[in-house]
Every structure is written in structure tokens, then in C-alpha cells.
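What follows is a short report on a single structure.
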Amino acid sequence: MNWEVLQKGFKKEQITALENRFLVGNGYLGVRGALEEYTAEELPAVNLAGIFDQVGDAWREPINAPNGIYTYICVDGKTLLAQDGEMKEHEMRLDFRHGICHRKTVWKTERGEVTVTSERFADHENVHRIAMRYTVRADFHAEVELFTGIDGHMWEINGPHFDSLAGRCENGRLVMEGVTHEKGATVCVEETVRADFPKESKTEEADRRLMHHFSLVTEKDRDYTIEKAIVVFTSQDDDFSKAQADELLDSFEREGYEAAKRVQEASWEEIWKYGAVEIDGDEDAMKALNYSLYHLQSIAPRHAKSMSIPARGLSGQTYKGAVFWDTEMFILDYFLFTRPAVAHTLLRYRVDTLSGAIKKAKDYGLDGAFYAWESQEGGYDACSDYNVTDVFTGRPMRTFFKDKQIHISAAIVYGIMRYTKITGDDSLLKEGGLKTVIECAKFYYSLLLKRVAGTEYELHDVIGPDEYHERVNNNGYTNRMAKMTLQSAADILNNLDSYGKDAAESISALYPVKELAGKFADAAENLYIPEPGDDNVIEQFDGYRKLEDCSIDTVRSRLLHEKEYWGGAYGVATHTQVIKQADVVAMLNLYSDEYPPEVLKANWDYYEPRTEHGSSLSASMYAMLACKCGMPQKAYPFFIKSAKADLVEGGKEWAGLIYIGGTHPAAAGGAYMIAVEGFGGVSFAENGIRVNPRLPGDWSGMRFYVCSGGERYYVNISGEDVKVEKID
Ligand code: IFM
Numbered sequence: 001m002n003w004e005v006l007q008k009g010f011k012k013e014q015i016t017a018l019e020n021r022f023l024v025g026n027g028y029l030g031v032r033g034a035l036e037e038y039t040a041e042e043l044p045a046v047n048l049a050g051i052f053d054q055v056g057d058a059w060r061e062p063i064n065a066p067n068g069i070y071t072y073i074c075v076d077g078k079t080l081l082a083q084d085g086e087m088k089e090h091e092m093r094l095d096f097r098h099g100i101c102h103r104k105t106v107w108k109t110e111r112g113e114v115t116v117t118s119e120r121f122a123d124h125e126n127v128h129r130i131a132m133r134y135t136v137r138a139d140f141h142a143e144v145e146l147f148t149g150i151d152g153h154m155w156e157i158n159g160p161h162f163d164s165l166a167g168r169c170e171n172g173r174l175v176m177e178g179v180t181h182e183k184g185a186t187v188c189v190e191e192t193v194r195a196d197f198p199k200e201s202k203t204e205e206a207d208r209r210l211m212h213h214f215s216l217v218t219e220k221d222r223d224y225t226i227e228k229a230i231v232v233f234t235s236q237d238d239d240f241s242k243a244q245a246d247e248l249l250d251s252f253e254r255e256g257y258e259a260a261k262r263v264q265e266a267s268w269e270e271i272w273k274y275g276a277v278e279i280d281g282d283e284d285a286m287k288a289l290n291y292s293l294y295h296l297q298s299i300a301p302r303h304a305k306s307m308s309i310p311a312r313g314l315s316g317q318t319y320k321g322a323v324f325w326d327t328e329m330f331i332l333d334y335f336l337f338t339r340p341a342v343a344h345t346l347l348r349y350r351v352d353t354l355s356g357a358i359k360k361a362k363d364y365g366l367d368g369a370f371y372a373w374e375s376q377e378g379g380y381d382a383c384s385d386y387n388v389t390d391v392f393t394g395r396p397m398r399t400f401f402k403d404k405q406i407h408i409s410a411a412i413v414y415g416i417m418r419y420t421k422i423t424g425d426d427s428l429l430k431e432g433g434l435k436t437v438i439e440c441a442k443f444y445y446s447l448l449l450k451r452v453a454g455t456e457y458e459l460h461d462v463i464g465p466d467e468y469h470e471r472v473n474n475n476g477y478t479n480r481m482a483k484m485t486l487q488s489a490a491d492i493l494n495n496l497d498s499y500g501k502d503a504a505e506s507i508s509a510l511y512p513v514k515e516l517a518g519k520f521a522d523a524a525e526n527l528y529i530p531e532p533g534d535d536n537v538i539e540q541f542d543g544y545r546k547l548e549d550c551s552i553d554t555v556r557s558r559l560l561h562e563k564e565y566w567g568g569a570y571g572v573a574t575h576t577q578v579i580k581q582a583d584v585v586a587m588l589n590l591y592s593d594e595y596p597p598e599v600l601k602a603n604w605d606y607y608e609p610r611t612e613h614g615s616s617l618s619a620s621m622y623a624m625l626a627c628k629c630g631m632p633q634k635a636y637p638f639f640i641k642s643a644k645a646d647l648v649e650g651g652k653e654w655a656g657l658i659y660i661g662g663t664h665p666a667a668a669g670g671a672y673m674i675a676v677e678g679f680g681g682v683s684f685a686e687n688g689i690r691v692n693p694r695l696p697g698d699w700s701g702m703r704f705y706v707c708s709g710g711e712r713y714y715v716n717i718s719g720e721d722v723k724v725e726k727i728d
């Protein structure tokens, strides 16, 4: 397979999408695929994981570090900037086997051609470091001024996040240090430059920019190359000091870009050894899938013990750098199956942010743990009560995602229980997970309602995964996930001894075990789950089928503005059956074994034409259920849509007036689930893994590795033949 994404030519309107497509990252930082000369206007970013800042009442968001990539040239007095769009040739290339982004640009000047080539990577071995190489070549004796340094004018959506930003030169290296507004955290960027020409530079500081300035008169057709290392660290890093930063720069000065690149290539080869998926008969699908996995690997917090993945990865500040249910329901499986330690880190973050969830529940007058819909550090919910701006009035619109998407707590329980079941490792449960599950169950318990004349419990006033219909009663997905949570907690409480003496004692000290177990079991048994109707269709929520039944096109034709929000109080979809994303279908996908095939199919057929797929999460749930209905052909276009979410243009970039562009890790994780669990048919049972493939059209085989019960298996599907081999 060709592990390369190539983009030839330049269009201004593609700049932001390409920055996502060519992103390089290592879990600690993400570097948007911006050209070196881009300034804030083109949205470049070195986006940092897990460090946030808020300015005034604006949205709290993650920090973009001062941009140490910033480099440009002037030739014969003219500054050459790609964004001016006057290049003769331009191409970008991503080697996604090794996480290296390349560019080549040719300008035609009055005296001849000037070519810039560059490459860069976010170092996987030393996650604080970015390495780059930048080469200029002219086919004439050109007067070249080369500027490279640190740009303190970052792209910030709700900044400025640095109250102060000070630059200095330390033994020829540039250092820029910012102090964040909210917490006074420091973010430090240091860089060093090697050059293959006599390196005499002036250092210039102006207007929040700190630059080396090299003046060259180039020989015809000779390369002039600088190699640069940029190290980023913050006062929030537990285990990284200035001395270590200096050492990383020292070693780069000694050994150079090529040496660092060799290590980078070896690290990625290690990742792909068990992390890639091979497909026979469909090169395009295989490439798109592994490109998705590249993105997941680029944002995996391998360096941390307790950290999760934001909904837009490390591609910037959109979605406030917050963690959603995307992680547990869409992203988790890839790591669980290929690198369980990362799955543990993702879930550890939830266990460690339990206190934030307990506080949120309390703030709403509820019991237990109500996890943040948009979780930042400490479990702080970054979701605003006004998450959409009305395009007509410019006024903030009241949305209820934060208050009513109660299914978020169940997603955390789902993740923890799934981790425990598939790995066979109950350490997460013992180290805080038991309490987490119990607190989530307490949360749902405190929300249960029973009608005076009723026998079942109900959950009212919620928002399901389909966010267009707010404040509905008995959303099928939510109720089923709440039931799972209550049942999991009851099982835990009834089997406390199986977690060992210490865990049993600490839980018994906190809760009336027997009483709670009884309450949760009763609630789980008697919580109302909407049943299939005469036509086998399950109503998404009470009264859903009484809403206007019209096509998506009809709804779209009623828009008065292309960026108008479809949901909420007055949205065009609100009073119709048109939904944003998989909802009943998501529930049936998770609980397919509880329903006969005709119910699964009837709901797929009913809901698909009514689903706008306005979220990149939607396609994978439809594809998964299609596979379970024995319709891999129908699943295939949804698989391609998920796998290519960051590879092709056309993704949603706006919600009302809010920019929401960025990478789509949940779609990437969804693509993996479709390939391995949907088409590959992998599932996990008490006695090991099961493989029951349902390959689509052209696929004649698949090969991949999966972990289960502390073992790793090699799965080789070839036509009808399935081999599962345990790896030593
Ligand atoms: O979590 C999703 C949500 O379901 C739909 N809107 C986008 C969020 C982040 O991906």
C-alpha cells in the first residue's frame, strides 16, 4: 500500500482543510499541516493536549503554543508567501507511515525560479519536540533573506491566552515564554537551528516575533538547508524540565534532523507492527482506513497515565479541546484492541475526573456522577448553555446539551466495563472504577420517574444522540444505556468480594451495599425501554412518530440561511422526524443480540432516510448495524465516509456561526470498528475472541491483530477461511 497523501496545487479556500489533513502529532502536541510562512490568519497551530485557558466569559479552550515552525524567505527583496497564491508549483505530501509532512513550492521570480522544500514531524520518541528541515534553492544567484523563529501571534479562537509573552536569545537559541491568563501557567517554546551554510544570523525581535535572520547570496542550483528543533513544555508537565528541553536541543544540534528522523521512523514502524489493518482487494479502503488510524495514533496520549482525546483531536481549539462521549463509544475500541495501555489511560482520565462529575450532578440538584458533556481538565464541563449562535440575530441560542445529554455518564460506564471485559484486567475498577460505576448509577437512579399509575421507571427531559430534538421523554438509547449502568452497578455490588478485600472494604465503607444493589437491580429491571411497534420500528422517544414525516430535502429546502442550526427550539428539523445522527440505530448496534434480525433491519430501513448524518459519528453506527443485519454492501459507503472524514473535502465546518472544523477522531475510530468488528466480525466472548466475517464486495481478505485477555491474536481472513493465531 502507498502510505502517502498527496495534494498538488493550491487553493486558498482549501487552506484550513489541508491543515487538518496534513496534521502531525504525538499525543502531547499536534502541529496543523500549515505552511511555514502562515500567520494566524491561515489558522496554523501547535496545539497542546490538556492545558486550557479562559479569557473573560469567552469559551475556555486549549492552548496553542507560540509557533516555532514560523519560517519564510525574501528573494531579491520580495517576500514569498504561499498564501499570496502566486506559486508556479505547489504540493504537500504526508508520509503517514512515519508521521512526516512534506511540502514543495516553486515560485517564479523576475530572475528565475526559487524552490522551497520542507519536512517536519512531531517527535514520537521525545514528545516535547518537533523537528523540521527547510531547504531553499534558486536556479540563479539570488539574494535570499531567510527568517526562521517563533511567532507569538498564534491562531486563537477565544484568546489572547497569554498575558505576557517574553522572548529571549540563549546562546544562539530562541526562547519564548508565555504566561496564561487564567491560571498563570507557563508555556515555553525553545528552538535551535543548524545550517549547512556559514551560519551567521542576526536575531530580531519585533511585534511578538523572535526571528533568526540569515542573509545569503545563493549559488545557482545549490540547496541551502536549515534543520530546526522546537521544544515545547509547560509548567503543567509533571516530568519535564528546562534542563531536559535543553538536552533535547543539544542532541539535535549534535546529531541533526536525519538521526531524529530515523528514530521517528522506527517508532512508527513499531506502532504499525500491530496497529495496521490489511485488506485484500480494495487498496482505496485500506489506505483510507490506515490514514484514519494514523490520526488516532497521532493523538494517542501514550506519554500520559491519565488523559483523554478531544473531539477534534489536537487539530486546534474547535470544540474547546474537550472530550465527549466520542472517546468511549467510538475511539476506545481501536486502542483496546491494539494497545490496551492507551485505552487504560483514556479511561483513567474519567476515573480521575469523577469529582468533577459529582460536582456537576450536585449543581443540578442530582445525586451521583453526571459527567461533563464537554470535558476539560478535572472534569470541568466546558459546554456552554448557549452552544450555538443564531445566524439571524447573532444572539446566543439556549441549547441543552450540557444539561440534558445524560447518556454521557453511561458512556463512561460502558467504556470501563468493556475495558475490563476485553482485557480481563480489573485494576481500573479496583482503582476508582467501581466507585465511578456506582456514582453513575446513582445519577440515573436520582433521575428516575414513575407515573402514579405506572409500573415502570422512565427518564424524562433528555437529549439523545440525535441532538436536534431537545428535552424529550424516554429516548430509547438513553434509557437502554442507563439500564446497562444500573445493571453494571448492581452486579458490582453483588459481587464485591471478587474485587479483593481492599476494594470490597473501601466500597462497603462508602455505600450501603445491599440496599443499593437492590435498588439498582430493581431500576434496571423496571426501566422502560421502548419496544418495537407493529412495524418493528422502535420510537426514538415518546411522540417521535407523531412528528411531521418529511424528507431531509424538504427540511433542507426550508432553511433560510445555509448555516442555520437545524435543532433547538426553532430549528427546521425540530418538529419533524428528521434526525441528526444515529440514535435508535446506535442503541440497536450495541444491543443487537437482544433483538430479532427483522427488528434490526426494520429500524435501519426506517431511520436511515430520516438521518441527516450531520455528525461525523453517525455513519459508523449505521455501517455497524448494517453489518449485523448481514448487509455489508449497505455498510460500505458509510465505512468509506467514516474512513475518509479527514481525507476528502465537504466536512461540516460550521454550527450556526461557530467554526467547528478540525480532524474527526470519532469517525476514524468508527472506521476501525466497522472494518474489524463489522466486516471482520470480531467479537469477544468469555472464552476468547470470535471472528465471523462479513466482507463487502471486493474484499477477499483481511489481516490484523487484536488483544484480548492479556494476549495478542493475529487474525487472518481469506475468503471463507479464518485463522486466529495467538502471538507470543
Ligand atoms: O459528541 C458529538 C455529538 O454527538 C455531536 N456533535 C459533535 C460532538 C463531538 O464530536
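Counting from 1, one number per residue, gives the positions in the sequence shown under my numbering. Virtual Cβ for every residue (Gly too), placed ideally from N, Cα, C.
- Indicate, with yes or no, if the ligand IFM has a heavy atom lying under 6 Å from the CB of F684. no
- Task: Classify F162 as helix, strand or coil using the three-state DSSP reduction.
- Result: If DSSP states are grouped into helix, strand and coil, F162 belongs with the strands.
- Query: Rounded to a whole number of angstroms, what is the C-alpha to C-alpha distance between E156 and Q317?
  - Reply: 7 Å
- Does the beta-carbon distance from L314 to N47 come in below 7 Å? yes
- Message: Taking the straight line between their C-alpha atoms, what separation do you get for G378 and H664?
- Response: 23 Å
- Query: Got a sec, what are the start and stop residues for the alpha helix (DSSP H) Y414 sits in?
  - Reply: 407–423
- Using the Cα positions of V263 and E125, report the straight-line distance between them to the nearest angstrom. 7 Å
- Item | Same chain, Cβ closer than 8 Å to R471, five either side skipped, listed in chain order | Close CB contacts of R471 within its chain, under the 8 Å cut and outside five residues either way in sequence, are with F400, K404, D461, V462, I463 (chain order).
- Task: Output the distance between the C-alpha atoms of Q236 and T186, rounded to the nearest integer angstrom.
- Result: 8 Å
- Item | beta strand (DSSP E) segment containing D553, residue limits | Counting along the chain, D553 falls outside any beta strand (DSSP E), though it belongs to the alpha helix (DSSP H) covering 552–557.
- Message: Do F140 and K88 count as a contact pair if the criterion is CB distance below 7 Å?
- Response: Cβ distance not < 7 Å, so K88 and F140 don't count as in contact.
- Are three or more beta carbon pairs between the segment 517–533 and the segment 546–557 nearer than 8 Å? no
- Task: With a 10 Å radius around its C-beta and 16 neighbouring C-beta atoms as the bar for buried, classify A138 as buried or exposed.
- Result: buried
- Under 7 Å, do E598 and N692 count as touching if we go by C-beta distance? no
- Query: Taking Cβ to Cβ, would you say Y444 is nearer than 7 Å to T485?
  - Reply: yes
- So, is K228 buried or exposed, given that buried needs 16 or more other C-beta atoms within 10 angstroms? buried
- Query: Taking Cβ positions, are A504 and L496 nearer each other than 7 Å?
  - Reply: Yes, Cβ-Cβ distance for A504 and L496 is below 7 Å.
- Task: Give the range of the alpha helix (DSSP H) segment to which N64 is assigned.
- Result: Unbroken run through N64 is the beta strand (DSSP E), 61–65; no alpha helix (DSSP H).
- Message: Along the chain, where does the alpha helix (DSSP H) containing T393 start, and where does it finish?
- Response: Careful: T393 lies outside any alpha helix (DSSP H) and carries neither H nor E.
- Check each candidate in R712, V127, A635, T117 and name the one with the smallest Cα separation from R302. For the residues R712, V127, A635, T117, the minimum Cα distance to R302 belongs to V127.
- Compare the beta carbon distance of S620 and M673 with 7 Å and say whether it is the shorter of the two. yes
- Return the chain-ordered list of same chain residues with a C-beta closer than 6 Å to the C-beta of M587, the five sequence neighbours on each side being excluded. G476, Y477, R480
- Simplified DSSP assignment, three categories, for F96: In the structure shown, F96 sits in coil (DSSP, three-state: anything other than H, G, I, E or B).
- Message: Just to confirm, is the Cβ distance from A708 to I422 under 7 Å?
- Response: With the sequence shown as reference, residue 708 is identified as Ser, and Ala is not the correct amino acid for it. Contact flag set, yes.
- Straight-line gap, A668 to Y334 (C-alpha atoms, nearest Å): 9 Å
- Specify the secondary structure class of H102 as computed by DSSP and reduced to three states. strand
- Item | Coil, strand or helix - K501 by DSSP | Helix at K501.
- Compare the beta carbon distance of K402 and D425 with 7 Å and say whether it is the shorter of the two. no
- Message: If I follow the unbroken alpha helix (DSSP H) through D730, where does it start and stop?
- Response: The structure shown does not extend to residue 730, since the chain spans only 1 to 728, so no value can be given for it.
- Burial state of S215 (16 or more Cβ within 10 Å): With fewer than 16 Cβ atoms within 10 Å of its Cβ, S215 is classed as exposed.
- Item | Counterpart residues of D381 in DSSP-defined beta bridges | Answer by DSSP bridge pairing, in chain order: S375.
- Message: Nearer than 6 Å: is that true of the beta carbon of S615 relative to any heavy atom of the ligand IFM?
- Response: yes
- Query: Does the distance from the C-beta atom of K580 to that of E467 stay below 7 Å?
  - Reply: A Cβ-Cβ contact shorter than 7 Å links K580 with E467.
- Look at the alpha carbon of R451 and the alpha carbon of L332, and state the distance between them as a whole number of angstroms. 37 Å
- Y570 burial status per 10 Å Cβ neighbour count (16 or more: buried): Counting Cβ neighbours within 10 Å, Y570 comes out exposed, since fewer than 16 surround it.
- Message: Shorter than 6 Å, the distance from the beta carbon of A311 to the closest heavy atom of the ligand IFM, or not?
- Response: yes
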